[in-house]
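Residue numbers (our numbering), protein chains in the order written: chain A, 1 to 692; chain B, 1001 to 1692.
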């Protein structure tokens, strides 16, 4: 790479920058805040980062742009465009002007256009902790002291003076849930020690001391101060949410959320693990990105709540095992390959400053909930704390669906967990017009069983596509997100457009069914219903992707039920940001979750965030998590016999004739739940099977 | 201050720089590595930083230099030069060309000459831990483990795998002095946790684990490793010494030492405390300076010993209370003013990374010994650990003399301590030709009782001034350091040149006694015996400065003896870098220490460094220090009745007629120790007194 610099202009934003020769277009964009989508982690497979190179003389900018000012595409990128060449031509586009911005490297001045479909938009975040009664038993306690001023005769040191006063005040001020102070072990952290001399002398020897547990002073403030807050943080693969909590009342004061910035280094956890392992300083880069985001969220939350970020004296952080490792700066290499071993399972208690969090108080601690297995992380532990199957007689199945799915089945006697990747289709990837759940993404679909006419709802709008909203305008679609795809495929199956094998039926005729380069497809949104100037179809390939995504989930649940000798769980809880957006009925219809009476399937929202909050306000929950870690059994799916066969079976939609009569059935012909029957009337699918 | 820049050239080095208008000459010098001495902390009183301004046209440099290109001297500096005007003229110098470089601010181009007496030279450091038998019981322990590789069936996390192996190996490998591991509490620090995954897989699941105490893993290394080292650091006001120790054998592998860089911000602790309190970020600046020096020393020591600095897993740091506070970044404001309260007394155990030490292993701890009082610091505690008066029946007096003196008197039943500033004369300040104990400083003096002829020895040479060395050359003097001044004054008193009141006797005639501007003085070195082109005298003022420096020491010892109802101690130990350079006989002669048989006065060398080393290699010593902290009583001198009067009395040299018959005598006419008599023959002073 030479020292030469070149100018790059991004349209339509008009953002311009100068970068060193050899920089990728996408990194150039990122450097000036132009967010270009990426799901595959710059592997030239998802195409989400495509841009269109403008040619010609841009006299206004005194710049000549040409496709030759970018490095030529390598074999991988050439193959990608070869597959799409005809499609682009059909849309009137010049295929030769397209490049993947993650691959194209700058070797001359260039102007590129970022199509709307490539623009990464700030995700709509709907996470919020549910109100829930809980004993408030924080790890922290505040004591207000009025001290004797030292004299030449009694020149006792500051800390020893405070310590004596603390031990004197303890029995008088201690509440029923508070630990007695341990005079022998009582110590003070370096951070408050550095404040001590000044704090004591600022308000005439009156100070407020924050004690953690029974033996450590973590903060001193001059005068009287009541504020006692903590932060519960849920690091999701896509979203990071921070809940600022009052540790006196347990109340959530504010919640702030943001995209997980690691998305820029890879959408799914596997690509992030390889970024961490393969890139120079990749692990540190991704850790720092998350820490900075948490610092930003904590400052924002504190401002909202009218406190200082440095008032935050305790944090609980949950996340799946990969998020947990990246947050701590732990190597993820072993985590990503068999036998998938995490660096540790135990819960951890660290000082925030050891991690490099700078917004909160330097005397604060961060608690991380324990990890069950490489793919069953602290977030699952948090869900258990929040929902409590371990306190039930019934068998509950908890399904936390994200890029990865974590499942726990059990009751007070036994708990078994497992996990499985779900494939990227649920996040909108590998689906022709799939996008994340951002504004303009189709998130709900219904199809009329008689006319096959679709209607849809998009994120950011409350009206259906066949209604005009209060503004008189119909909602327009930009693409389709995970819950929309599940709805669409379930509806296509329900109305008989696809069969139980996922195949488009050739015998049906409809204006919504058209023939394309790759065969039959269904038109979900006509060109005039979109903002992208093209129709949004559901293709045979899209259906296949959903089958691939849902099958492992179903197999995982099957093996868990098998462990207990059960046919079905007593209750199903759908957790996680994505899980709680799925329509339970549609999920059951396509065989994503096992059969269960529909009124016993619940979306529990962001249960991981709830669990983090619980562990923050009630220290007993941390002990409960330690106990759960000992109790929770784990099964590793690919290690189980017959896994491949079961997976093949699970690709089908339920209610089919068994194509493999010699194998144990995992998708038996189901008795339709009365609630399903009521909703669907006569359209309950009864179509015969086809192998996939 | 304007944006204008001016050129400054320092001669004879020829170093040149360009500085902003208003910068002091001394700071300009410091910025390009020209070290100009300073003792008073830039208060325009010591004159050690004087420079001579060159006038005229320096055509070669295209620059005109003039005295007017510096800010005019203020009242303080004018007063300083007024006092020295005649002396300079007598030496053929132009008094108007002299400036104090700490005061003169640049407002035009200027060339200055730095006289040799102003050049700060790297101090000769003689600190070395004495060999001493000790039980080696370090806080750390190494265990080598060979682990089972994880499989899909047994995918236990790395830490839990190591933990199980540790608990299994513990009873087999544990030595008699090692603590059993605590399975319930056993945890791992974040630093080794981050190494764990890689370390395990690098050498086929063979690792070496370093455990601290009974329950924390602080380091993991791939394969087998024996190296276990620690660092004992003694932060003196002037010198920092670091001893790298093998924690298996207890042996000191290497010792490295350097000037305490805080000297640049103030010679004595009071000026450093005011720098910390008054300058922007002064505390942080001084803390960082020391941390960087320790980092440099640890790297140098490790290189010398053939290990890595990151092999250092444990540190013990001792220093007086101010050094302790500055090392930790604790406020020193309250420490420096009545009632002189430290931020804490207790010993501390911190992670090195909390302090910002970066050279040693990030999992390492640093232990700080407890502090008794504001001026009796961890260094005194270290001396007690090393010398052990608390284990004696006899009453021992320990006198640790530096810029500040710390005294402890007692035995196994009772221990009392106090401290006193000694005045800067012992460090060579406030003495006309006083310099620090660097090359060319007169450190030993003898005066012939008959002829009054002097002979001296200088630092860096083994021969006396009246001998020619093996090179045939006589040693030349650059100035006189603390031990030389004490010798000279004691000798002048012994031979009768000065009387018990410290006054030059007028009745004596000798070619070595001359009359100057400020009266009679004694010529210690003739011009041809020096490198500074001038004679080195001992003046009336020099004798006064020694009286002022020694009196508080004597008073402190007096009050301690008074506490015990004793006339004299059974034994005196002179500790500290300076204390162990003092000639005990001369110290007794001038009444710096109480009377005691001469063979019971010992220089114990760097006992603070010894104590730090002990606390490093034997953890029981830390407990002993905790116990001592509880036991050690303390008296605060200025709080005692009659202090001023006692001080006035103590200014005298011993063996005088009491000038204040109504006060209790503190310096009784002494019976000369037979050893003193043997050395001095008939010259034992018997001269009458005079008030000062």
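From the three backbone atoms N, C-alpha and C, an ideal C-beta is built for every residue, glycine too.
Determine, for residue i, whether the minimum Cβ-Cβ distance to residues of chain B falls below 8 Å.
i, result
"residue 356 of chain A", "no"
"residue 329 of chain A", "yes"
"residue 206 of chain A", "no"
"residue 152 of chain A", "yes"
"residue 552 of chain A", "no"
"residue 190 of chain A", "yes"
"residue 158 of chain A", "yes"
"residue 421 of chain A", "no"
"residue 194 of chain A", "yes"
"residue 548 of chain A", "no"
"residue 198 of chain A", "yes"
"residue 240 of chain A", "no"
Which value, in whole angstroms, describes the spacing of the CA atoms of residue i and residue j?
i, j, result
"residue 113 of chain A", "residue 259 of chain A", "24 Å"
"residue 1479 of chain B", "residue 1532 of chain B", "8 Å"
"residue 612 of chain A", "residue 233 of chain A", "7 Å"
"residue 590 of chain A", "residue 1155 of chain B", "33 Å"
"residue 1157 of chain B", "residue 239 of chain A", "26 Å"
"residue 312 of chain A", "residue 617 of chain A", "13 Å"
"residue 1372 of chain B", "residue 1384 of chain B", "12 Å"
"residue 354 of chain A", "residue 1188 of chain B", "13 Å"
"residue 1347 of chain B", "residue 343 of chain A", "34 Å"
Using 8 Å for Cβ pairs, my map puts residue i next to residue j. What's the rounded Cβ distance?
i, j, result
"residue 298 of chain A", "residue 382 of chain A", "Not really, about 19 Å apart at Cβ, beyond 8 Å."
"residue 199 of chain A", "residue 222 of chain A", "4 Å"
"residue 1402 of chain B", "residue 1647 of chain B", "So it is not a contact: roughly 20 Å between Cβ atoms."
"residue 415 of chain A", "residue 390 of chain A", "6 Å"
"residue 1024 of chain B", "residue 1103 of chain B", "7 Å"
"residue 1437 of chain B", "residue 1459 of chain B", "6 Å"
"residue 1505 of chain B", "residue 1516 of chain B", "In fact, because the Cβ distance is near 16 Å, the residues do not count as touching under 8 Å."
How about residue i: is its C-beta nearer than 8 Å to some C-beta of chain A?
i, result
"residue 1340 of chain B", "yes"
"residue 1343 of chain B", "yes"
"residue 1334 of chain B", "yes"
"residue 1279 of chain B", "no"
"residue 1636 of chain B", "yes"
"residue 1123 of chain B", "At residue 1123 of chain B the pLDDT is 35, less than 50, meaning the model places this residue with poor confidence; the figure from the coordinates comes in the next sentence. It does not; no Cβ of chain A falls within 8 Å."
"residue 1274 of chain B", "no"
"residue 1155 of chain B", "yes"
"residue 1253 of chain B", "no"
"residue 1180 of chain B", "no"
"residue 1598 of chain B", "no"
"residue 1706 of chain B", "An answer regarding residue 1706 of chain B cannot be provided, because it is not within the stretch 1001 to 1692 covered by chain B."
"residue 1346 of chain B", "yes"
Since residue i is in the beta strand (DSSP E), which residue starts that stretch and which ends it?
i, result
"residue 142 of chain A", "140 to 146"
"residue 1457 of chain B", "1454 to 1458"
Starting from residue i, trace the alpha helix (DSSP H) both ways and give me its first and last residue.
i, result
"residue 555 of chain A", "540 to 564"
"residue 584 of chain A", "584 to 589"
"residue 958 of chain B", "Outside the displayed range of chain B (1001 to 1692) lies residue 958 of chain B, so it cannot be described from this structure."
"residue 1089 of chain B", "1075 to 1090"
"residue 1410 of chain B", "No alpha helix (DSSP H) contains residue 1410 of chain B, which is instead part of the beta strand (DSSP E) from 1404 to 1410."
"residue 504 of chain A", "That residue, residue 504 of chain A, is in no alpha helix (DSSP H); it is neither H nor E in DSSP."
TODO: Jot down the residue ranges of each uninterrupted beta strand (DSSP E) in the segment 1224 to 1275 of chain B, minimum 3 residues, whole runs only, in chain order.
DONE: 1229 to 1235, 1239 to 1246, 1252 to 1259
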